[in-house]
Amino acid sequence: MVNIVIMRHGEAEPLTKQDSQRQLTARGKREALQMAQWLHNCYSVFSDIWTSPYIRAGQTAEIMLSKQGPECQLHTQTALVPDGLPQLTLDLIDAKLSEQPDARILLVSHMPLVSFLVEMLTQQGQTPVFSTASLCCIDYQPVTGGRLLEKMAPQDLALLSHG
13 MVNIVIMRHG EAEPLTKQDS QRQLTARGKR EALQMAQWLH NCYSVFSDIW
63 TSPYIRAGQT AEIMLSKQGP ECQLHTQTAL VPDGLPQLTL DLIDAKLSEQ
113 PDARILLVSH MPLVSFLVEM LTQQGQTPVF STASLCCIDY QPVTGGRLLE
163 KMAPQDLALL SHG
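Number 163 in our numbering belongs to position 151 of the sequence shown; there are no gaps in the numbering.
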């Protein structure tokens, strides 16, 4: 069962100002909406969406939230910044799942943190590169670890719809 989804934010405007202030482009918003719809069609509703405090991640998380049920809660997690420590996020996930074992969490963050999180939650040496708005679906349990069940990106959806 997928209970953790790790997602990179949608395409952001070029770095012309402070990195944390960059916003999604029109394409980035479309990518996020495509992924929100795909996640809604393929998986049960999430209990929580955790997002980086950076604007582009927050905008992506808001779009993802729009396709979830009213019980889904949006939380900003300072640990989810691009150079955040994966162990801090893993500790937050473990704490959440130990107090609420049926929690389903969607994390919206940045490269390289998203790659390191997938590796920590699944297996050593598995650090996928994330294109914008792509996500990894993981079946994870504290102590025993997890398995990567699916990786999906907006460009994969384009291939599926034309196949």
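Built from N, CA and C at the ideal position, the CB exists for glycine as well.
No experiment lies behind these values; they were computed from the predicted model shown.
From residue i to residue j, what does the alpha carbon distance come to, in whole angstroms?
i       : j       : result
Thr-37  : Thr-144 : 11 Å
Gly-157 : Gln-30  : 36 Å
Val-93  : Val-141 : 17 Å
Ala-48  : Thr-72  : 9 Å
Ala-170 : Glu-162 : 16 Å
Ile-105 : Asp-168 : 28 Å
Glu-83  : Gln-33  : 29 Å
Leu-27  : Met-164 : 26 Å
Gly-22  : Arg-42  : 8 Å
Val-155 : Gln-89  : 22 Å
Thr-63  : Phe-128 : 16 Å
Ala-24  : Gly-40  : 6 Å
With distances taken between CB atoms, is the gap from residue i to residue j smaller than 8 Å?
i       : j       : result
Leu-77  : Ile-61  : yes
Ala-44  : Ile-75  : yes
Met-132 : Arg-20  : no
Ala-107 : Ser-59  : no
Pro-98  : Leu-118 : no
Ile-18  : Leu-147 : yes
Val-57  : Gln-80  : yes
Taking C-alpha atoms, which residue in the options lies nearest to residue i?
i       : options                              : result
Lys-138 : Lys-108, Ala-170, Leu-160 and His-87 : Sequence check: residue 138 is Gln here, not Lys. Ranking Lys-108, Ala-170, Leu-160 and His-87 by Cα distance to Gln-138 puts Leu-160 first.
Asp-103 : Ser-56, Arg-42, Gln-153 and Arg-34   : Gln-153
Asp-151 : Asp-168, Pro-82, Val-130 and Met-164 : Val-130
Gly-70  : Leu-86, Phe-128 and Glu-111          : Leu-86
Pro-65  : Thr-134, Gly-96, Glu-25 and Cys-149  : Gly-96
Thr-134 : Cys-149, Val-120 and Ala-24          : Cys-149
Could one say the Cβ of residue i lies closer than 8 Å to chain D's Cβ atoms, at least one of them?
i       : result
Thr-139 : Any reference to chain D falls outside this structure, which holds one protein chain only.
Take the Cβ of residue i as the centre, count every other Cβ of all protein chains shown within 10 Å, and call the residue buried at 16 or more, exposed below.
i       : result
Pro-166 : buried
Cys-54  : exposed
Gly-175 : Confidence is the limiting factor: at Gly-175 the pLDDT is only 48, short of 50, which leaves the residue's position unreliable and the question unanswerable from this model.
Leu-8   : Nothing about residue 8 can be read from this structure; the chain reaches only from 13 to 175.
Val-14  : buried
Ser-110 : exposed
Gln-136 : exposed
Gln-112 : exposed
Quick one: complete alpha helix (DSSP H) runs, 4+ long, within the stretch 71-139? 98-111 and 125-133
Quick one: which unbroken beta strand (DSSP E) runs of 3-plus residues sit fully inside the stretch 47-74? Chain order, please. 60-63
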